Amino acid sequence: MSDAEEQEYEEEQPEEEEAAEEEEAPEEPEPVAEREEERPKPSRPVVPPLIPPKIPEGERVDFDDIHRKRMEKDLLELQTLIDVHFEQRKKEEEELVALKERIERRRAERAEQQRFRTEKERERQAKLAEEKMRKEEEEAKKRAEDDAKKKKVLSNMGAHFGGYLVKAEQKRGKRQTGREMKQRILSERKKPLNIDHMGEDQLREFHSRCLNQGFLTPGLGPLTKERKEGEGPGTVGLDPPAGVGEV
1 MSDAEEQEYE EEQPEEEEAA EEEEAPEEPE PVAEREEERP KPSRPVVPPL
51 IPPKIPEGER VDFDDIHRKR MEKDLLELQT LIDVHFEQRK KEEEELVALK
101 ERIERRRAER AEQQRFRTEK ERERQAKLAE EKMRKEEEEA KKRAEDDAKK
151 KKVLSNMGAH FGGYLVKAEQ KRGKRQTGRE MKQRILSERK KPLNIDHMGE
201 DQLREFHSRC LNQGFLTPGL GPLTKERKEG EGPGTVGLDP PAGVGEV
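Residue numbers (UniProt numbering): 1 to 247.
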């Protein structure tokens, strides 16, 4: 150690001792009135005094050795921190690699499961298609058999009932029109008048009754025996009143 450093160290030592004595000295009690009047001062953090290590008398201190030891200690702590950091880093990298491997393995498993499911679905669709085709073939075969049976039955019925069908067709004949049907119905409803047994009074009464019921048109004159066959517009296609023609 140089002389200048020793002199500075000796100057710092009495100053630190004086500061320690001032702190250790008991404070004088202040009056109560002054304490109340004084404003509270903000508290400052108490910094412990820097006390240099005690140097045994009669021995020479090697500050270079102390500095070297401190540097070695700091270096050792730094090296320890570095080792801990790298160990932690290595551990994290190993965990990351394990995580990646697990992800890849899980992805491969899921791909395998998806492939297996796809194959199962393809097989199921193929089975459904085969089942559908088989059912369609069975239905077509059944329909063909039913058609063959129906044709056979119809052919047998045609052999037995062919004559009857021909007769029914002949009997039915040509289809009539509306006008022809009306004329046929009117001709069936038309009946001859039977007034040969009536006298003049009965004929007049019958004539008036036909006029009242609308069977005759006014202005045709009295009904005579010459018109008993229904000649004229008043008797064509009409039924005689009730009681006419009865003896």
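All residues carry an ideal CB built from backbone N, CA and C; glycine is no exception.
The structure presented is a predicted model; accordingly, all values stated were derived computationally and were not measured.
Using only the alpha-carbon positions, how far apart do Glu109 and Lys132 sit?
34 Å
I need the straight-line Cα distance from Arg105 to Thr80, nearest angstrom please.
37 Å
Helix, strand or coil for Leu193, going by three-state DSSP, please let me know.
coil
Look at the alpha carbon of Lys151 and the alpha carbon of Gln114, and state the distance between them as a whole number of angstroms.
55 Å
CA nearest to the CA of Asn194, picked from Leu203, Leu186 and Phe116:
Leu203
What would DSSP say about Met198, mapped onto helix, strand or coil?
coil
Euclidean distance between Cα positions of Glu226 and Asp196
For Glu226, the pLDDT reaches just 49, beneath the cut-off of 50, and the residue's location in the model is therefore unreliable, although a value from the coordinates is still provided. Using only the alpha carbons, I get a separation of about 10 Å.
Under a Cβ-count criterion, where at least 16 other Cβ atoms within 10 Å of its own Cβ denotes burial, should Phe206 be classed as buried or exposed?
buried
Considering only residues of the same chain and omitting the five flanking positions on each side of Ile66, which have a CB-CB separation below 8 Å?
none
Gln176 - DSSP class collapsed to helix/strand/coil
coil
So within the stretch 79 to 106, which uninterrupted alpha helix (DSSP H) runs reach at least 4 residues, ignoring any that extend past its ends?
none
Distance, Cα to Cα, His85 vs Glu92?
10 Å
Helix or strand or just coil, what does DSSP make of Asp62?
coil
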